[in-house]
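Encoded as C-alpha cells, the structure appears first; notes follow it.
Number of protein chains: 2
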Amino acid sequence: MSAMRTYQHPDLATVTIEHALHALSDPVRLDIVRQLDREIEASCAALDGGRPKSSMSHHFRVLRAAGLVHTRIAGVQHMNTLRREEVDKRFPGLLDAVLGVKG
Amino acid sequence: MSAMRTYQHPDLATVTIEHALHALSDPVRLDIVRQLDREIEASCAALDGGRPKSSMSHHFRVLRAAGLVHTRIAGVQHMNTLRREEVDKRFPGLLDAVLGVKG
DNA sequence: CCTATAGTTCGATTATATACGTACTATCAT
DNA sequence: ATGATAGTACGTATATAATCGAACTATAGG
Numbered sequence: 664m665s666a667m668r669t670y671q672h673p674d675l676a677t678v679t680i681e682h683a684l685h686a687l688s689d690p691v692r693l694d695i696v697r698q699l700d701r702e703i704e705a706s707c708a709a710l711d712g713g714r715p716k717s718s719m720s721h722h723f724r725v726l727r728a729a730g731l732v733h734t735r736i737a738g739v740q741h742m743n744t745l746r747r748e749e750v751d752k753r754f755p756g757l758l759d760a761v762l763g764v765k766g
Numbered sequence: 664m665s666a667m668r669t670y671q672h673p674d675l676a677t678v679t680i681e682h683a684l685h686a687l688s689d690p691v692r693l694d695i696v697r698q699l700d701r702e703i704e705a706s707c708a709a710l711d712g713g714r715p716k717s718s719m720s721h722h723f724r725v726l727r728a729a730g731l732v733h734t735r736i737a738g739v740q741h742m743n744t745l746r747r748e749e750v751d752k753r754f755p756g757l758l759d760a761v762l763g764v765k766g
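Residue numbers (my numbering), protein chains in the order written: chain A, 664 to 766; chain B, 664 to 766.
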C-alpha cells in the first residue's frame, strides 16, 4: 500500500491571510522561505540547519498547508519551491514585504 | 501610587518581522488593525466586538509590543492608532499587503 | 467623597504549537 | 534481497498563546 506518492497543495483561494501570516511568523519557517526565495528549489535536508528531520517535516507541512510551499517528490528527495506567483496573486506584495526586510 | 500614566511603545528597530507577523496573524488583532486603518483612532471599547475587556486588553498589549499600535490616554479612555509611518518605514509594504487583501 | 466608566493586571484554564525520538515508507543502488 | 538515504507519521512532552472572571487603578462628573 502506498501513501505519499504525491502531495496535496491547497488552492490559494482557500488560504486566509491570518493563516499565511502565522506560517511566516515562525523563525524556522521564515528562514526556509528566505532560502527558497534565493535557491529556487531545495530538498528538505538542504534547509534543515542541523535540526531533526521530524521537526523539519512539521514545518514543511505547515508551509504547504498555508499554500506557501510546493513539494514535489524526486526520487528519494522531496524538492521544495516557493509558490511565488500564486501567493503574489492572492496576497499581493506580502512576500516582497516579508522577504525584503533587513535586520 | 500611579502606574499607567503613559504607555511604553517600542522603537520599531527592535521589532522583528517575525514578531510583527505573529501579532498580525491573530484574527481578533487583525480585525483591530483593519479598523484602525479605517477609523484612524479609536478607544479599546469601540473595537471590542462584544469581547471581554480583559481579552481585548491582552490583544492591545500584543499589538503595542509588536510596535503596530500606539495608545494614548485621554481621560478615562485609551485611544489607539496604527503606527503607520513607522511600521511602513521598518517593514515597507507589509501593512499595504496585509490590509489590501480581500476575502 | 461617591459612583460610574474605561482599561489594566492577576491568575487559572484551556487550546494550540513546537520539538523531537522512534518507527515506518518509499526510492535507489548494489 | 540488502542496505542506505530522505522524508513522513505518530506519540508525547513542553512551551507559548488565547480566553476571561475578578479585583484593582485612574479619571471624570455629580
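The beta-carbon is built from N, C-alpha and C at its ideal position, and this holds for glycine as well.
- At a cut-off of 9 Å between beta-carbon atoms, G756/B makes contact with chain A.
- Where H741/A is concerned, the enclosing beta strand (DSSP E) starts and stops at Q740 to L745.
- Neighbours of L687/A in chain B, taken as residues whose beta carbon is under 7 Å from its own, are L684 in chain order.
- Listed along chain B are I680 and F754, each with a C-beta nearer than 7 Å to that of V764/A.
- In this structure the segment 730 to 738 of chain A does not touch the segment 684 to 693 of chain B; the number of beta carbon pairs closer than 8 Å is below three.
- Judged by beta-carbon spacing, A686/A lies beyond the 9 Å limit of R753/A, meaning their Cβ atoms are not closer than that value.
- D700/B has a beta carbon lying at 9 Å or more from every beta carbon in chain A.
- Shown here, A737/A sits in a strand according to DSSP, grouped into three states.
- Taking a beta-carbon distance threshold of 9 Å, V696/B does not count as an interface residue toward chain A.
- Under the DSSP assignment, S718/A falls in the alpha helix (DSSP H) whose first and last residues are K716 to A728.
- Cβ contact annotation for V750/B (same chain, cutoff 8 Å, sequence separation greater than five): L675, A683, G730, L731, L757 and L758, in chain order.
- In the structure shown, V761/B falls within a helical segment according to DSSP collapsed to helix, strand and coil.
- Residue environment: V725/B is assigned as buried (16 or more neighbouring CB atoms within 10 Å of its CB, all protein chains considered).
- Bounds of any beta strand (DSSP E) do not take in A709/A, whose DSSP letter is neither H nor E.
- Annotated as proximal: I680/B and V764/A, with beta-carbon spacing under 9 Å.
- Residue pairing for V732/B: DSSP places it in a beta bridge opposite L745/B.
- In its chain, beyond the 5 residues on either side, L762 have a beta carbon closer than 7 Å to the beta carbon of R697/B.
- Within the segment 723 to 741 of chain B, not one residue has a Cβ closer than 9 Å to any Cβ of chain A.
- Within the same chain, Cβ atoms closer than 7 Å to the Cβ of D700/A are found at L745 and L762, the five residues on either side in sequence being excluded.
- From the listed residues P755/A, G766/A, R747/A and A760/A, the smallest Cα separation to I703/A is found for R747/A.
- Between the beta-carbon of A737/B and that of P673/B there is about 21 Å, and that puts the pair past the 8 Å contact cut.
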